[in-house]
Amino acid sequence: MRKRIVAGNWKMNKTHREGVEMLAQFFKMLDFEISLLEDTGKQLPEIIVFPPFLLVADAAMLAQGWDVKVGAQNCSSEKEGAFTGEISANMLKAAKAGYVILGHSERRNYFHETNQIVAKKIDRAFESRLQVICCVGESLQQREVSKEFPTITHQLEECLFHLTKEQMKNVVIAYEPVWAIGTGKNATPEQAQEMHNYIRSVISGKFDKETSENISILYGGSCNPQNAKLIFSQPDVDGGLIGGASLNPKDFMEVIKAIL
Ligand code: 13P
């Protein structure tokens, strides 16, 4: 059985104090939900939060008591040295991060990250024993000219195909159609299923069936308490990477409950 995951990408939101307060609220709700789940046979998915860098170490400490993982939203493609303003994978590992998001479309579009840079970052993350959420997704323009499948194939090839099957065990893929991010316009459950199934077939073609069956593929893009249940009910959707709705503990909890 592959892992079901619901992850919250806070992006550039919340000061240290606001973030700590929000986590405290969330953990209180989580405690309550865990008590309700007892004896139901249902299991929570893996929960990961991705706060801004400044909060990673403290969030990881706070999360210890709960079964919640903490990750970072980016890392440097370089190991260490004179790279002013960068944060290395090794620093994140030392801060007790377990995951790093790489290849997010906001990094690709606003900070000019290419597939080659993403591939390099993935290598740094693995050297530091971090797990990776690798994001792929097509733009509206690409979808309008029916280029969504070749676009995703190209991203998968250039970001992931240099990895070994063993390394692929530490990769989670997030399909985030750019036109659905922060727009309130989500992919339909059918569109998500179609692309997730396609991604699995590409992974199977390059690696093998086992790798493709075991890899978790998350959907991201305006996923919220209203639409999460239908999206998560699709057979190839293993959870979500949640932006806006993860900034409200109640909404994030509702999205998590939608996968139970
Ligand atoms: P929204 O949920 O705000 O659309 O963001 C999705 C996303 O980019 C998660 O990484």
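In the numbering used here, the protein residues as written are 234 to 493. Glycine residues also receive a C-beta, built at the ideal position from the N, C-alpha and C atoms. Please read these numbers as outputs of a predicted model, since none were measured by experiment.
Remark: the C-beta of Ile-475 is in contact range of the ligand 13P, defined as less than 6 Å to any heavy atom.
For Cys-392, the enclosing alpha helix (DSSP H) starts and ends at 381-393. In this structure the region 324-333 does not touch the region 342-350; the number of beta carbon pairs closer than 8 Å is below three. Within 6 Å of the C-beta of Ile-238 there is not a single heavy atom belonging to the ligand 13P. Comparing alpha-carbon positions, the option among Ala-240, Val-301, Val-239 and Val-289 lying closest to Lys-261 turns out to be Val-301.
Counting of Cβ neighbours within 10 angstroms places Arg-362 among the exposed residues, the total staying below 16. For His-337 and Glu-371, the gap between their C-alpha atoms comes out near 11 Å. The beta carbon of Trp-412 lies closer than 6 Å to those of Leu-373 in the same chain, with the five residues before and after it left out. For secondary structure counted as the beta strand (DSSP E) over 3 or more consecutive residues, the region 448-472 holds these complete runs in sequence order: 450-452. Counting the other CB atoms within 10 Å of its CB gives Val-351 a total of 16 or more, which places it among the buried residues. Less than 7 Å divides the Cβ of Ser-479 from the Cβ of Gly-241. Cβ contact annotation for Arg-433 (same chain, cutoff 8 Å, sequence separation greater than five): Ser-445, Glu-446, Ile-448, Ile-450 and Asp-469, in chain order. Per DSSP, the continuous alpha helix (DSSP H) segment holding Gly-252 begins and ends at 249-270.
Here Cys-367 is bridged, per DSSP, to Leu-335 and Ile-406.
In the three-state reduction of the DSSP assignment, Asn-246 falls in the coil class. Non-local beta-carbon contacts of Glu-266 in its own chain, meaning distances under 8 Å to residues more than five positions away in sequence, involve Leu-277, Met-486, Ile-489 and Lys-490 in chain order. In the structure shown, Ala-305 falls within a strand segment according to DSSP collapsed to helix, strand and coil. Of all C-beta pairs linking the region 249-264 to the region 290-308, three or more are shorter than 8 Å, placing the two stretches in contact. In the DSSP assignment, Glu-279 falls within the unbroken beta strand (DSSP E) covering 279-283. Straight through space, the alpha carbons of Tyr-452 and Phe-286 are spaced by roughly 23 Å.
DSSP places Ala-322 in the uninterrupted alpha helix (DSSP H) bounded by 322-327. Judged by the Cβ position, Asn-242 qualifies as a neighbour of the ligand 13P at the 6 Å threshold, a heavy atom of the ligand being closer than this.
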